[in-house]
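Numbered per this note's numbering, the sequence shown spans residues 100 to 517.
Heads up, the beta-carbon is just placed ideally off N, CA and C, and yes, glycines get one too.
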Amino acid sequence: MLNKAFLSLLISLVATSVVAWLIAEACSQDSETTSSGTIMATASVLPTNLASLKADEPAPMAIQVVNAYPKLSFDSPVDYTYANDGTNRVFVVEQAGQIKVFENNPAAASAATYLDIQNKVAYGGEMGLLGLAFHPKFNENGYFYVNYTKNNPRETIVSRFKASSPKATSVEPGSEVILFRFEQPYANHNGGKVLFGPDGYLYVSTGDGGSGGDPKNNAQNKSSWLGKILRVDVNSTEKGHYGIPADNPYKGNKDGYREEIYAYGLRNPWRISFDAKGQLWAGDVGQNEIEEVDIVEKGGNYGWRVKEGKADYKASDPKPDATLISPVWQYSHANGDISITGGYVYRGAQNGALKGKYIYADYASGRVWALTADGKKATNNQLLTERAGSISAFGEDQKHELYLCDLSGGKILRIAAK
């Protein structure tokens, strides 16, 4: 049976998928998400950004996706991470507003509730508790950060909580300190990822505010929080509970641009991650035609809504004042693939054949791929598995092994050799 969150997601977005199919740009909703049980992949995705690159070349390695914790189940898992707290614990974010903690052991039989803020979270569709990141000095300060949606008014909240000790099994909700908040015009395109970069700054992904087609052109509006990658210094009190890094593109500007902006022109970069080289990768969910993988640069404009991937979307918009950066890879909405879930460049030890490849998925079809890129140019895209589940997120453990969150299945999966 579909759980509550997945059913809500299905109701709010699948119906609009049909509308988008029929009337394309004239749609008032999204065409990006549906159930992996109702839309199945039947053929290879056709690559649209590299004419010489074969789509979905069969993987030469023997790979399978398995249930990482067979004795555990979760309510709509949307994030997976670790605290680097000297333990073997891992943390799973549940969309309704809870964070669960347990030993990273396949035999784990129970998970404790680490944080419960269900009474604060607007839950349903693409809203909810969406991201979790532990401070690099968590062992010293007990700080961790979350991204969630609230109602009345509808807003995105990025806030900090404090654990009483690094090894605490639960955290008091009253320890919350809000860093910043901003309007969320519609219930979709919330973004949601929070993570610390190798520079020690906190990065936050935001969607364009929702509806369909970015009706307010938020992604290109540098005075808006929406459709951006934000970067802030949580160790500063310049803005109250955070500061602006000295080299942020718009720090100190006189044009009214958000100083928090690191990059812009994104539709819904739901999941972002850093690789071992310090490159920031994003899976940006498309409108009616294209899903894209981006390597994010400071100050970069990734084109939405002027472009959807490399194709024109609303070319009648005023010409942007910056050169648009094309995706390193994109794929079409053929064959049931309509909503990218950004992943990680694999750097674990258990699957050597995946080393250095960007592992990502499509939420709707459940397909998982391994993308090879030489610098900023994709050279190979391998289909690893089909119908893995409704993959809402990827995460790493302390050894950098890769895990997948199956939203509707309520499971945490892992990629393993056969």
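For the ligand SAH, I want to know if residue i counts as a neighbour, meaning its beta carbon is within less than 7 Å of at least one of the ligand's heavy atoms.
i	result
alanine 421	With respect to the ligand SAH, the structure shown offers nothing to examine, as it has no ligands at all.
Quick one, which of the options has its alpha-carbon nearest residue i's?
i	options	result
asparagine 204	Ala221, Pro169, Gly224, Ala195	Pro169
serine 335	Tyr181, Tyr300, Tyr430	Tyr300
glutamine 481	Ser491, Gln497, Ser507, Ala452	Ala452
tyrosine 363	Leu329, Asn387, Ala516	Leu329
glycine 224	Thr212, Asp411, Gly309, Ile394	Gly309
asparagine 246	Ile216, Val293, Glu282, Phe260	Val293
tyrosine 213	Gly185, Ala262, Ala410	Ala262
serine 175	Asn387, Ala448, Leu229, Ala207	Leu229
glutamine 194	Gln217, Ala208, Ala211, Gly455	Gln217
asparagine 479	Arg446, Val333, Tyr457	Tyr457
asparagine 238	Ser258, Pro265, Lys219	Pro265
lysine 406	Lys476, Ser438, Ala318	Ala318
tyrosine 222	Glu254, Glu202, Leu231	Glu254
isoleucine 162	Arg259, Lys475, Ile256, Ala469	Ala469
leucine 365	Gln378, Ala487, Ser323	Ser323
serine 507	Glu500, Asp473, Leu501, Ser464	Ser464
glycine 377	Asn187, Asp298, Gly291	Asp298
glycine 227	Leu512, His499, Leu501, Trp369	Trp369
valine 467	Asp505, Phe295, Gly351, Ser258	Asp505
alanine 273	Val192, Lys315, Lys219	The sequence as given places glycine at residue 273; alanine does not occur at that position. Of the candidates Val192, Lys315, Lys219, the one whose C-alpha sits nearest the C-alpha of glycine 273 is Lys219.
lysine 249	Lys413, Asn287, Glu271, Gly351	Asn287
aspartate 473	Asp215, Trp428, Lys315, Phe260	Trp428
asparagine 519	Tyr430, Gly326, Ala267	Residue 519 lies beyond the range of the chain shown here (100 to 517); nothing can be said about it.
glycine 455	Ile437, Trp380, Phe233	Trp380
glycine 339	Gly442, Asp354, Arg259, Ala515	Arg259
Flag this pair as yes or no: are the beta carbons of residue i and residue j separated by less than 8 Å?
i	j	result
tyrosine 349	tyrosine 341	no
glycine 402	glycine 385	no
serine 404	aspartate 393	Sequence inspection shows arginine at residue 404; the serine mentioned does not correspond to that position. No, they are not a contact pair.
glutamine 497	asparagine 183	yes
asparagine 367	glycine 435	no
glutamate 391	proline 426	yes
phenylalanine 190	valine 177	no
valine 444	aspartate 332	no
isoleucine 424	glutamate 388	no
isoleucine 198	leucine 231	yes
arginine 513	glutamate 500	yes
serine 172	glycine 488	no
tyrosine 242	tyrosine 302	no
serine 491	tyrosine 462	yes
glutamate 358	isoleucine 343	yes
alanine 211	serine 269	yes
aspartate 215	glycine 196	yes
Decide if residue i is buried, meaning its Cβ has at least 16 other Cβ atoms within 10 Å, or exposed.
i	result
alanine 524	This structure leaves residue 524 out entirely; the chain is present only between 100 and 517.
threonine 440	buried
aspartate 346	exposed
glycine 312	buried
leucine 503	buried
glutamate 495	buried
threonine 141	With a pLDDT of only 28 at threonine 141, under 50, the local geometry of the prediction cannot be trusted, and no value is derived from it.
alanine 206	exposed
alanine 123	Caution applies to alanine 123, whose pLDDT of 35 falls short of 50 and renders its modelled position unreliable; the model cannot decide the point.
lysine 519	Since the displayed the chain opens at 100 and closes at 517, residue 519 lies outside it and no answer follows.
threonine 422	exposed
isoleucine 277	exposed
leucine 145	Residue confidence for leucine 145 is low, a pLDDT of 34 falling below 50, so the modelled location carries little weight; the figure read from the coordinates is stated next. Leucine 145 should be labelled exposed.
glutamate 282	exposed
valine 53	The shown model of the chain, from 100 to 517, leaves out residue 53, and the question about it has no answer.
glycine 382	buried
lysine 476	exposed
isoleucine 511	buried
glycine 351	exposed
serine 209	exposed
The beta strand (DSSP E) spanning residue i covers which residue range?
i	result
proline 176	176-180
tryptophan 468	467-473
lysine 454	From DSSP, lysine 454 is part of no beta strand (DSSP E); its letter is neither H nor E.
isoleucine 439	439-444
threonine 478	476-484
asparagine 166	162-166
lysine 510	510-516
glutamate 396	No beta strand (DSSP E) contains glutamate 396, which DSSP labels as neither H nor E.
tyrosine 213	211-215
serine 491	490-495
glutamate 193	188-193
glutamate 500	Looking at the DSSP string, glutamate 500 is not in any beta strand (DSSP E), and its letter there is neither H nor E.
tryptophan 403	Unbroken run through tryptophan 403: none, as it is neither H nor E.
valine 200	197-202
serine 464	Unbroken run through serine 464: none, as it is neither H nor E.
glutamine 429	428-431
Legend entry - 3-residue-minimum beta strand (DSSP E) runs that sit fully inside the region 226-313, ordered along the chain: If you keep only unbroken beta strand (DSSP E) runs of at least 3 residues inside the region 226-313, you get 228-233, 242-249, 254-261, 276-282, 293-295, 301-304.
Inset, instruction - Return the chain-ordered ranges of every beta strand (DSSP E) run that is complete within the region 332-393 and spans a minimum of 3 residues. - result: Complete beta strand (DSSP E) runs here, min 3: 360-363, 370-373, 379-383.
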